[in-house]
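S.K.:
Residue numbers (the UniProt record's numbering): 1 to 154.
(1) Can you give the beta carbon distance from residue 140 to residue 153, rounded, assuming they're within the 8 angstroms contact cut?
(2) Count the other CB atoms within 10 Å of the CB of residue 127; is the residue buried (16 or more) or exposed (fewer)?
(3) At the level of alpha carbons, what is the spacing between residue 81 and residue 87?
(4) Using C-beta distances below 7 angstroms, list every residue in its chain close to residue 135, excluding the 5 sequence neighbours before and after it, in chain order.
(5) Compute the Euclidean distance between the alpha carbons of residue 110 and residue 92, then round it to the nearest angstrom.
(6) Of all the options 26, 115, 133 and 149, which has the alpha carbon lying nearest to the alpha carbon of residue 143?
(7) Use the C-beta contact count for residue 96: other C-beta atoms within 10 angstroms, 16 or more gives buried, fewer gives exposed.
(8) Do residue 115 and residue 108 have their C-beta atoms closer together than 8 angstroms?
(9) Please go through the region 107 to 154 and give each complete beta strand (DSSP E) segment of 3 or more residues, from N-terminal end onward.
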């Protein structure tokens with residue numbers, strides 16, 4: 001950071017009348033409101049031996065008794081028994097069945113991947129296609145596919 005930029009930053013921080021402070025970690029000016037909204041994000045401790053700032057280890061937070069509790073332990077249900085844990089572990093080792101891995105959404109029309117094409121059709125032809133789709137009880141796309149197959153296989 002240049003001297004001019006540093007002076008500007010300090011001046012801006014002074015002008016904001018206490019709404020910004022210098023971060024103990026980065027040394028840059030940050031909004032004080034961040035600490036007010038989420039105090040755990042700015043919690044740091046200064047090590048007196050080497051004057052370095054340390055943060056609590058990621059994934060660990062203090063509970064109400066002051067003991068370190070991992071986030072995994074905090075989010076596990078209390079009524080989880082060994083039998084359930086073993087069953088879930090066995091399911092994870094077996095893997096997910098292929099039918100569950102299939103994509104959600106519109107079912108495919110063929111075993112292979114299908115291509116999509118844009119075709120400009122006059123309004124009259126679209127109207128005829130929609131009427132035929134209503135008669136057959138299928139979608140517009142299915143009617144167009146049937147017409148193409150019939151025309152191309154003659």
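Backbone N, C-alpha and C define an ideal beta-carbon position, used for all residues, glycine too.
Note that the structure is predicted; figures quoted are calculated from it, not measured.
M.R.: So, to answer that:
(1) Locating residue 140 in the chain shown gives position 140, counting from the first residue. Locating residue 153 in the chain shown gives position 153, counting from the first residue. In fact, because the Cβ distance is near 21 angstroms, the residues do not count as touching under 8 angstroms.
(2) Looking up residue 127 in the chain shown gives position 127. Exposed.
(3) Taking the first residue of the chain shown as 1, we reach residue 81 at position 81. Taking the first residue of the chain shown as 1, we reach residue 87 at position 87. For residue 81 and residue 87, the gap between their C-alpha atoms comes out near 10 angstroms.
(4) In the chain shown, counting from the first residue as 1, residue 135 sits at position 135. Excluding positions up to five away in sequence, the list is empty.
(5) For the purposes of this step, residue 110 is identified with residue 110 of the chain shown, where counting begins at 1. For the purposes of this step, residue 92 is identified with residue 92 of the chain shown, where counting begins at 1. For residue 110 and residue 92, the distance between alpha carbons rounds to 30 angstroms.
(6) By one-based count along the chain shown, residue 143 stands at place 143. Measuring C-alpha to C-alpha distances from residue 143 to each of 26, 115, 133 and 149 identifies 133 as the nearest.
(7) Mapped onto the chain shown, residue 96 falls at position 96. With fewer than 16 other Cβ atoms within 10 Å, it is exposed.
(8) As a first step, residue 115 must be located in the chain shown, where it is residue number 115. As a first step, residue 108 must be located in the chain shown, where it is residue number 108. For residue 115 and residue 108, no; Cβs fall outside 8 angstroms.
(9) For the beta strand (DSSP E) assignment, the region 107 to 154 encloses no uninterrupted run of at least 3 residues.
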